[in-house]
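These notes concern the structure reproduced below.
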Amino acid sequence: MISNQILQNTIDGLKNIARVEFCIMDVDGKEVASTADMGSRAAAVAEFAASPADSQEIQGYQFFKIFDEQMLEYVLVAAGAGEDSYMIGKLAAFQIQSLLTAYKERLDKDNFVKNLLLDNLLLVDIYSRSKKLHIQTDVPRAVLIVEAPEGRDSNALELARAYFSGNSKDFVTEVDENNVIIVKELSETDRIKEMDKTAKQLWTFLKKEGIRDGRVAYGTVIQEIKEVSRSYKEARMALDVGKIFFSEREIIAYSELGIGRLIYQLPLPLCKMFIREIFGGRSPDEFDEETLGTIYKFFENSLNVSETSRQLFIHRNTLVYRLDKLQKSTGLDLRVFEDAITFKIALMVVKYMKYMETTDF
């Protein structure tokens, strides 16, 4: 339903253009929006609403009916008798009628997109409703999620709608109070680059408008509208996994999650068993800061001893000594690819376990 504030803004604008006072009332004669005090007209509105006429002059005022799908929704009252007031009132009624239709269509599309994202529609309903709402079904799309940590007090939803308002083929909605969702239609070429560019530009815009401490995540590109829910689920996973393994990043794509998305789906008991079998009673993140720094830098340089020692400003033999010491305490030689992979996965598993244990679901 269109808000009273929108109706008030509309007749304020019409008054400024036409220099005619307007009042919108519901079918019971209760004032919804008005540009001037026209007195009590409940009886006249009730009489007019019950009549078969679409417009009528009553006591020097022009009355017009405004319908929503053939149901009487409002009565518009325009001050002044005569042909000019009638024509201006008729135009105003047409404008409000068109506004109701546009908002209803937007609401229908928003409801459709929400159910599409949540996978609440049968396949036949997806295509039939898409046709009814004039939504193409076979164009490339992807889903972006903007985390809005301020919740309902955040204006991220309206900002995102304003940002994408120039393209009627994009849909902006929300399914909970913390995230804004965009279903973005893409061109046929360079879709991945286009998604990355869109995410970066959107986040830059939101930050300039005061949105802080959030992030943007997006799923893979899909070709059929029935697959939108899959891209949405991927974006949700990217948002969650990004918090665990890529906490320093403000923008994360599902395609960049790597092994993190596999670890994220492991049950905690299995993770604990893995750590216990590999390291006994010790956790791989319990090493001293120097050892952990060496391990991370060694991984960062793709197990290259020379480059790692150079970046750590230590002698090559010192690095070798540290790696040998680590091998004696864990049984894993990080210079061996398989052992390095095991240790890397173990570090990620521990990070995932700590996140899950401290997160209130």
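Position one of the sequence shown corresponds to residue 69 (my numbering), numbered consecutively onward. Each residue gets a CB set at the ideal place from its N, CA and C atoms; glycine is no exception.
First through last residue of the alpha helix (DSSP H) which encompasses residue i
| i | result |
| --- | --- |
| glutamate 99 | First-last for glutamate 99: 99-102, but that is the beta strand (DSSP E), not the alpha helix (DSSP H). |
| lysine 340 | 336-347 |
| valine 437 | Residue coverage of the chain in this structure runs from 69 to 429, which leaves residue 437 outside it and unanswerable. |
| tyrosine 364 | 357-368 |
| tyrosine 286 | That residue, tyrosine 286, is in no alpha helix (DSSP H); its beta strand (DSSP E) goes 284-286. |
| valine 296 | 296-313 |
| tyrosine 389 | 384-398 |
| phenylalanine 273 | 259-276 |
| isoleucine 331 | 328-331 |
Alpha-carbon to alpha-carbon, residue j and residue i
| i | j | result |
| --- | --- | --- |
| lysine 412 | phenylalanine 367 | 8 Å |
| leucine 40 | glycine 361 | In the structure as shown, the chain begins at 69 and stops at 429. Residue 40 is therefore absent and cannot be evaluated. |
| asparagine 84 | histidine 202 | 35 Å |
| leucine 254 | serine 297 | 16 Å |
| glutamine 138 | aspartate 122 | 12 Å |
| threonine 272 | arginine 229 | 15 Å |
| valine 145 | serine 153 | 10 Å |
| lysine 98 | aspartate 176 | 27 Å |
| glycine 150 | glutamine 124 | 11 Å |
| glutamate 115 | phenylalanine 162 | 21 Å |
| glutamate 277 | glycine 287 | 25 Å |
| lysine 237 | isoleucine 312 | 33 Å |
| arginine 220 | alanine 303 | Below a pLDDT of 50, predicted positions are generally treated as unreliable, and arginine 220, at 44, falls in that range; no measurement from the model is reported. |
| glycine 107 | leucine 225 | 39 Å |
| threonine 270 | valine 251 | Per the sequence shown, residue 270 should be read as leucine rather than threonine. So the alpha carbons of these two residues sit roughly 13 Å apart. |
| lysine 422 | threonine 257 | 41 Å |
| glutamate 354 | threonine 266 | 40 Å |
| leucine 387 | leucine 371 | 11 Å |
| asparagine 223 | isoleucine 363 | 43 Å |
| leucine 189 | valine 404 | 50 Å |
| leucine 191 | valine 418 | 41 Å |
| alanine 112 | proline 120 | 14 Å |
| lysine 275 | aspartate 187 | 31 Å |
| isoleucine 260 | threonine 426 | 34 Å |
| arginine 174 | aspartate 244 | 19 Å |
Own chain partners of residue i with C-beta closer than 7 Å, once the 5 adjacent residues on each side are dropped
| i | result |
| --- | --- |
| threonine 241 | Asp178, Val181, Lys182, Ile249 |
| isoleucine 70 | Leu167, Leu168, Tyr171 |
| methionine 424 | Leu336 |
| alanine 101 | Asn72, Leu75, Gln76, Ile79, Ile92 |
| glutamate 295 | none |
| valine 207 | Glu253 |
| lysine 268 | Ile319 |
Nonlocal neighbours in the same chain, by C-beta distance under 8 Å from residue i, ignoring five residues either side
| i | result |
| --- | --- |
| alanine 414 | Phe342, Ile343, Ile346, Phe347, Pro352 |
| glutamate 375 | Asn369 |
| arginine 384 | Val373, Ser374, Ser377 |
8 Å Cβ cutoff met for residue i and residue j
| i | j | result |
| --- | --- | --- |
| glycine 148 | valine 95 | no |
| serine 500 | alanine 210 | Not covered by the structure: residue 500. The range shown for the chain is 69 to 429. |
| leucine 325 | isoleucine 279 | no |
| threonine 205 | isoleucine 290 | no |
| glutamine 127 | glycine 157 | no |
| methionine 416 | glycine 328 | yes |
| glutamine 379 | lysine 365 | yes |
| phenylalanine 239 | alanine 160 | no |
| arginine 390 | threonine 359 | yes |
| tyrosine 332 | aspartate 356 | no |
Sequence-distant residues of the same chain with beta carbon closer than 6 Å to residue i, five excluded per side
| i | result |
| --- | --- |
| isoleucine 320 | Ala285, Ala306, Gly310, Phe314 |
| glutamine 395 | Asp401 |
| glycine 81 | none |
| isoleucine 464 | As shown, the chain starts at 69 and ends at 429. That puts residue 464 outside it, with no answer to give. |
| arginine 197 | Phe180 |
| glutamine 165 | Ile134 |
| aspartate 407 | Leu400, Asp401 |
First and last residue of the uninterrupted beta strand (DSSP E) at residue i
| i | result |
| --- | --- |
| alanine 321 | 319-321 |
| valine 143 | 139-147 |
| arginine 209 | 209-215 |
| phenylalanine 116 | Taken as a continuous stretch (DSSP letters only), phenylalanine 116 belongs to no beta strand (DSSP E), being part of the alpha helix (DSSP H) at 110-118. |
| asparagine 188 | Run containing asparagine 188: none; DSSP gives neither H nor E here. |
| asparagine 247 | 247-253 |
| glutamate 125 | 123-126 |
| threonine 241 | 239-241 |
Contact belief for residue i with residue j at Cβ below 8 Å, rounded distance in angstroms
| i | j | result |
| --- | --- | --- |
| leucine 184 | isoleucine 194 | 7 Å |
| cysteine 339 | tyrosine 231 | With a Cβ gap of about 39 Å, cysteine 339 and tyrosine 231 do not count as contacting. |
| isoleucine 213 | asparagine 247 | 5 Å |
| glutamate 318 | arginine 283 | 5 Å |
| phenylalanine 135 | glutamate 141 | 6 Å |
| valine 143 | alanine 117 | 6 Å |
Neighbour flag for residue i against chain D, beta carbons, 8 Å
| i | result |
| --- | --- |
| valine 143 | The structure shown contains no chain D; it holds only a single protein chain. |
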